[in-house]
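Right, here's the structure in full:
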């Protein structure tokens, strides 16, 4: 007696057969056969790995003004899906390195949790895990998970994505002089010096970025006769025209 059959892979998500007809035939003459109805109940297994919509994400967020935390702000959203059935396709998210500055909720939305200062850190590289298993002791009422949670993914599937958060600059820092270090310095110069002679160089710095950190210089008082000039970008204080003793004595202070 010979029993012939065809093997095929059955996927729960693709087919859900309820009944199969099995036929057995012998090798005699004439050939005889028998049939039977087989009822199948297919159970899903957790064999699909969650898949992010992209392997890397880039988001931009403006820094908080000075040290004043403006409250929780949305940075961006990520998404992962799982092709398993409803029992195994619920995806939860975990931030592996939140820097204690970011959090992620059950929908994959990333938020700031503390003040961001671009001058301290301009870019953050976050690692986000999506898993189809539980995280820590989160229950159905706890929909937000953070970097302190324990990832219990041994019997489950997980995938990791990189999230780059670029912190944009605000003009939240005033420039300050590094030379001269004091608010006033004495400068001695001879009346014989030629026009263009540099008396000193003013140096100021600003930790802000781009135009916010670009410094220009100007004299705001004390140069009534226009004898001295100040380089707008160089900070060089120099003689702008021939000095006359009476004029210089009458304007001994400059700012």
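Residue numbers (our numbering): 6 to 260. No residue lacks a Cβ here, since even glycine has one placed at the ideal position from N, Cα and C. Here the structure is a predicted model, which is why all the values come from computation and not from measurement.
For residue i and residue j, I'd like the C-alpha separation in whole angstroms.
i	j	result
residue 84	residue 57	6 Å
residue 143	residue 111	Reliability fails at residue 143, whose pLDDT of 40 lies under 50, so the model's placement of it is uncertain and the value that follows must be treated cautiously. The alpha-carbon atoms of residue 143 and residue 111 are separated by roughly 11 Å.
residue 249	residue 204	16 Å
residue 184	residue 101	44 Å
residue 202	residue 244	5 Å
residue 190	residue 216	29 Å
residue 233	residue 242	7 Å
residue 239	residue 228	18 Å
residue 106	residue 77	10 Å
residue 91	residue 52	13 Å
residue 231	residue 219	25 Å
residue 255	residue 181	With a pLDDT of 49 at residue 255, under the threshold of 50, the modelled position of this residue cannot be trusted, and the question is left open.
residue 161	residue 119	32 Å
residue 109	residue 186	46 Å
residue 103	residue 207	42 Å
residue 82	residue 214	27 Å
residue 196	residue 251	11 Å
Report the partner residues of residue i according to the DSSP bridge assignment.
i	result
residue 62	168
residue 184	208
residue 27	41
residue 135	98 and 164
residue 104	Beta-bridge pairing links residue 104 to no other residue.
residue 56	86
residue 251	Residue 251 pairs with nothing; no bridge assigned.
residue 203	243
residue 129	170
residue 67	173
Can residue i and residue j be called in contact, C-beta distance under 8 Å?
i	j	result
residue 124	residue 212	yes
residue 40	residue 27	yes
residue 99	residue 172	no
residue 89	residue 137	yes
residue 135	residue 170	no
residue 62	residue 168	yes
residue 116	residue 79	yes
residue 163	residue 55	yes
residue 223	residue 237	yes
Contact check, residue i vs residue j under 8 Å by CB: the rounded distance?
i	j	result
residue 45	residue 25	6 Å
residue 86	residue 132	With 8 Å as the limit, residue 86 and residue 132 do not qualify as a contact, their Cβ atoms being about 19 Å apart.
Within the continuous beta strand (DSSP E) that includes residue i, where are the two ends?
i	result
residue 196	Neither: residue 196 is in no beta strand (DSSP E) and is coded neither H nor E.
residue 125	From DSSP, residue 125 is part of no beta strand (DSSP E); its letter is neither H nor E.
residue 110	107–110
residue 244	241–244
residue 81	79–82
residue 235	233–235
residue 223	Element bounds for residue 223: n/a, residue is neither H nor E.
residue 118	Element bounds for residue 118: n/a, residue is neither H nor E.
Give a single yes or no on whether residue i has its beta carbon closer than 7 Å to a heavy atom of the ligand ATP.
i	result
residue 59	Looking at this structure, you won't find the ligand ATP or any other ligand, since it has none at all.
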